[in-house]
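Residue numbers (the numbering used here): 95 to 341.
In what follows, a structure is listed as structure tokens, so that the remarks can point back to it.
Here is the structure:
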């Protein structure tokens, strides 16, 4: 870098090289010697050349100043470009990192969506199958209901007979309930009697007799219990049959 010179104020004109001849002294001053005229012409041309040199020097100084400014501007531009390139490279790395994360997130989300869609399709198939089965069951139950209604309508003539039979069965059930109560009362009496007999026969001499009575009592109790269970079974079966007939 060349050393800066003190700039001169800019002038609004360009250097012009004028090749005109010096003033002809031979006409205005005929007494001047030709050598003097040549010397004056040389001085005049030297002044003209010095003006041209000064103007060129000034322009060179201006060019140097502009060059320095341009160099600084260029250096500043290079610095800014390097800074922007660094920021761009950093931003590109961040963008790649964010893009990778976003791509992984989107891929995971798409996988979840695909899995949920498959589950939804499976559930829809299950629902369709369940609805089909329910429709088939409803159709079957409707057909059975219609059949039962038809049977009920056809059996309306037998309804009176069934009512009579039900009344008779109710009377029989009441009778059986009374018999069960009587058997339970007998069991209670026998139990009370066994307690009294046990209190009377506490000595070793009557142990054999006590054992015989106890065995007899046990057999009677077993018979009564079997009869009660049988009567209860019969009553329950008749009640179930009655409930089914009423339906």
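Ideal Cβ positions, reconstructed from N, Cα and C, are used throughout, including at glycine.
Cβ contact annotation for residue 274 (same chain, cutoff 8 Å, sequence separation greater than five): 322, 325, 326 and 329, in chain order. Less than 8 Å separates the beta-carbon of residue 277 from that of residue 318. In the structure shown, the three-state DSSP call for residue 282 is helix. Residue state for residue 127 is assigned as coil, using DSSP reduced to three classes. Check the Cα spacing between residue 287 and each of 265, 264, 261 and 315: the tightest is with 315. Restricting attention to 259, 215 and 311, the CA atom closest to the CA of residue 283 is found in 311. When only Cα atoms are considered, residue 233 and residue 201 end up about 47 Å apart. If the five residues before and after residue 309 are omitted, its C-beta is found closer than 8 Å to no C-beta atom of its own chain.
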